[in-house]
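A.B. asks:
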Amino acid sequence: MSVAGIETGTAPRAGGAPAVRVTAAGAALRAAGRRSYRWVSPVVVVLVWQAASGSGLLPARLLAAPSEIAATALDLVRSGTLPTAIAVSLERVLLGFAAGAVAGVVLALVAGLSRAGENAVDPIMQMLRALPFFGLIPLFILWFGIGEAPKVLLVALAVSFPLYLNTFSGIRGVDGKLAELARTLRLGRAALVRHIVLPGALPQTLVGLRQSLGVAWLALIVAEQVNADAGLGYMINDAREFLRTDVIVVGLLVYSALGLLTDALVRLLERRALGWRREFLSR
Amino acid sequence: MAARVPVPLSDVAPAGDAGRPGAPSAASVRGLTRRFGDRAVLDGLDLTIAPGEFVALLGRSGSGKSTLLRALAGLDEEVDGDIEVDGSVAVAFQEPRLVPWKRVRDNLTLGLDVPGPAARADAALAEVGLTERAGAWPLTLSGGEAQRASLARALVREPRLLLLDEPFSALDALTRITVHRLVLDLWAAHGPAVLLVTHDVDEALTLADRILVLDGGRVAHSWTVTARRPRHRDHHDLLALRTALLAALGVPPEGTR
């Protein structure tokens with residue numbers, strides 16, 4: 001919501017005093033100035049990197065030149081290697097995310113909507129949360145072998161906790177006065193959950209969604225370092241064997257691009273689902 | 001000088017044509033007791049509200065006004081005593097309590113189990129002058145608009161008993177005057193019995209048929225206000241009653257000590 005904050009801070013209000021408008025215009029100019037210079041330093045870094053690679057100061061076995069990385073990326077796309085790898089990794093993340101999200105939200109509903117549910121579910125979730133889940137990889141391999149199952153399950157496990165914790169606290173944070181109102185409106189239990197509890201918990205659930213998508217990619221990267229025979233992690237590991245730092249960097253860039261993409265999707269969802277809040281903030 | 005009428009309340013004739021003997025009451029409370037720890041905030045309280053009667057409930061802070069209202073609204077399950085409410089009850093709270101993620105019209109239709117709820121909601125919004133805000137998010141409403149929406153949400157349910165829990169206390173003075181008029185208009189048009197909890201003596205004098213003062217967990221005083229509406233604050237009956245009310249609330253007349 002920082003965007004909305006900036007808008008209210010700098011947007012000149014219609015009918016404002018001229019002096020105020022001048023100041024606001026100046027601030028807008030300065031902001032535009034700041035924005036237009038922000039691309040300079042990354043470009044300089046890439047240029048220096050390119051020069052260092054070209055002069056032999058930075059050998060390709062440590063880090064490939066940017067131009068070489070770009071060419072390799074193009075090759076990998078053309079040959080179909082990269083699209084296939086992305087498809088495999090994306091499928092793992094989506095499956096794991098779906099399973100983990102359903103589990104996290106359902107458990108949060110069970111725990112959030114009744115005291116008995118909380119007593120049954122919450123202690124176990126808090127105990128499991130304390131486990132370092134990357135440390136579970138050896139056990140997962142013993143239990144589920146080295147196929148797709150341990151990778152998907154690791155993602156699911158990683159995803160379920162942020163969603164559980166945020167949805168649970170979102171449900172418990174719903175204004176008790178609105179629950180009282182619902183009683184005076186004669187809302188039944190189901191209608192109370194549908195109209196008051198779930199929408200009230202949604203902002204917090206979406207925070208959990210963003211956290212869990214971030215951790216989903218992280219879990220996938222870790223899981224794919226172990227015994228993968230396809231996917232982005234496999235592509236990266238395979239490249240290591242042949243000192244192909246260009247392929248490794250391409251793989252890393254794809255991971256981060258996918259991470260940014262899913263984050264942008266959640267933000268889009270937030271803007272749609274929380275319009276009642278956004279309008280208030282940008283007034 | 002207005003007389004202090006002691007309990008029992010059966011001695012007090014409710015104002016208006018609704019108070020015929022033998023007529024069913026909109027709400028009847030017998031021996032209502034509510035304890036918080038060792039303290040009985042309500043202690044064997046009796047109260048009858050006639051159909052269509054406008055009752056204002058005054059009392060010092062902690063005298064149990066809101067406790068009584070919550071009991072009548074069915075929000076307090078730890079009260080002892082008999083509560084009989086004839087038909088439906090609706091509540092408008094001190095804070096409007098609009099559901100922020102539902103547009104104004106959807107706030108009105110929430111839990112509204114009638115045919116054509118949207119049309120009913122629009123009619124209610126027109127009555128309170130909020131037609132243009134039907135599609136707005138509650139957080140974009142002004143304080144007065146939000147309180148009018150809250151009143152519309154209560155009235156669209158056509159309650160027999162309307163409970164108002166200090167709904168005007170957070171409004172600025174000018175808005176309060178217009179909302180007072182609106183409430184009287186709506187009351188005249190729909191005819192519910194009203195129980196208004198308030199701190200404001202003048203508000204009670206302006207609006208109510210009967211004014212009660214709660215003290216010691218019971219209705220300690222009751223006055224019937226017969227002055228015609230619209231009422232003016234400098235009406236001599238009201239001035240006398242005002243002094244009596246303030247005395248009952250522990251504020252002695254000016255110039256005495």
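Quick note, the sequences are listed as chains F and S, same order.
The numbering of the first sequence is the UniProt record's numbering, which starts it at 1 and goes up by one.
The numbering of the second sequence is the UniProt record's numbering, which starts it at 1 and goes up by one.
Even glycine gets a Cβ: it sits at the ideal position worked out from N, Cα and C.
(1) Does the beta carbon of ILE248/F come closer than 8 angstroms to any beta carbon on chain S?
(2) Please determine, among THR178/S, VAL219/S, PRO192/S, the residue with the shortest C-alpha to C-alpha distance to GLU203/S.
(3) Would you kindly work out how many angstroms separate the C-alpha atoms of MET235/F and SER89/F, rounded to a whole number?
(4) Using a cut-off of 8 angstroms between C-beta atoms, extract the partners of LYS177/F located in chain S.
(5) Quick check: the Cα distance between ASP237/S and ALA227/S, rounded to an integer number of angstroms?
(6) Which two residues bound the contiguous beta strand (DSSP E) that contains PHE54/S?
(7) Relative to the C-alpha of ALA64/F, which residue among LEU76/F, PHE144/F, ASP75/F, GLN50/F is closest?
(8) Does any CB atom of chain S fall closer than 8 angstroms to the CB of ARG189/F?
(9) Report yes or no: is there a C-beta of chain F within less than 8 angstroms of the C-beta of PRO159/S?
(10) Evaluate GLY119/F with the Cβ neighbour count: other Cβ atoms within 10 Å of its Cβ, from every protein chain shown; 16 or more gives buried, anything less gives exposed.
(11) Below 6 angstroms CB to CB, which residues in the same chain sit around PRO159/S once its five sequence neighbours on both sides are set aside?
(12) I want to know whether the stretch 206-221 of chain F touches the stretch 153-163 of chain F - three or more CB-CB distances under 8 angstroms.
(13) By the three-class DSSP mapping on this structure, what secondary structure does LEU214/S have?
(14) Spell out the partners DSSP gives ASP165/S in its beta bridges.
(15) Taking 8 angstroms as the cut-off, decide whether the C-beta atoms of LEU178/F and GLY200/F are in contact.
(16) Give me whichever residues DSSP pairs with LEU42/S in a beta bridge.
(17) Identify every run of the alpha helix (DSSP H) within the stretch 22-101 of chain F, keeping only runs that are complete inside it and at least 4 residues long; order them along the chain.
(18) Just the C-alpha distance for PHE161/F and ILE248/F, rounded to the nearest angstrom, thanks.
(19) For the putative contact between VAL41/S and ILE49/S, defined by C-beta atoms under 8 angstroms, what is the C-beta separation to the nearest angstrom?
(20) May I have the straight-line CA-CA distance separating ARG157/S from LEU163/F, to the nearest angstrom?
(21) Using CA coordinates, which residue listed in PRO150/F, LEU107/F, GLY259/F is at the minimum distance from VAL226/F?
(22) If you measure beta-carbon to beta-carbon, which residues of the stretch 46-78 of chain S are closer than 8 angstroms to chain F?
(23) Under 7 angstroms Cβ-Cβ, which residues of chain S neighbour GLU180/F?
(24) Quick one, are the C-beta atoms of ALA111/F and VAL102/F less than 8 angstroms apart?
(25) How big is the Cα-Cα spacing for ALA73/S and ILE83/S?
(26) At a CB-CB cut-off below 7 angstroms, which residues of chain F make contact with TRP101/S?
(27) Could you list which residues in chain S have their beta carbon closer than 9 angstroms to that of LEU209/F, in chain order?
(28) Which whole-angstrom value describes the C-beta separation of TRP276/F and TRP101/S, a residue pair presumed to lie in contact below a C-beta threshold of 8 angstroms?
(29) Specify the secondary structure class of SER88/S as computed by DSSP and reduced to three states.
(30) Run the CB neighbour count on VAL79/S, radius 10 Å, all protein chains shown included, and call it buried at 16 or more, exposed below.
(31) Measuring CB to CB, does GLY129/S end up less than 8 angstroms from LEU171/S?
(32) Report yes or no: is there a C-beta of chain F within less than 8 angstroms of the C-beta of ALA13/S?
C.D. replies: In brief:
(1) no
(2) THR178/S
(3) 11 angstroms
(4) PHE93, GLU95, ARG97
(5) 7 angstroms
(6) 54-59
(7) GLN50/F
(8) no
(9) no
(10) Correcting the residue identity first, residue 119/F is Asn in this sequence and not Gly. Exposed, since its Cβ has fewer than 16 Cβ neighbours within 10 Å.
(11) Answer for PRO159/S: SER88, VAL89, ALA90, PRO192, listed in chain order.
(12) yes
(13) strand
(14) VAL197/S
(15) yes
(16) Per the DSSP secondary-structure output, LEU42/S pairs in a beta bridge with ARG34/S.
(17) 40-54, 66-79
(18) 30 angstroms
(19) About 20 angstroms separates the two Cβ atoms, so there is no contact after all.
(20) So the two alpha carbons sit approximately 38 angstroms from each other.
(21) Selected option, being the one with the closest Cα: PRO150/F.
(22) From the stretch 46-78 of chain S, only ALA73, GLY74, LEU75 have a Cβ closer than 8 angstroms to chain F.
(23) Going along chain S in sequence order, the residues near GLU180/F (Cβ under 7 angstroms) are LEU75.
(24) no
(25) 10 angstroms
(26) PRO199, TRP276
(27) Result: empty, since nearest Cβ-Cβ is about 17 angstroms, beyond 9 angstroms.
(28) 5 angstroms
(29) coil
(30) buried
(31) no
(32) A caution first: ALA13/S carries a pLDDT of 39, below 50, which makes its placement in the model unreliable, though a value can still be read off. So no, ALA13/S is outside the interface.
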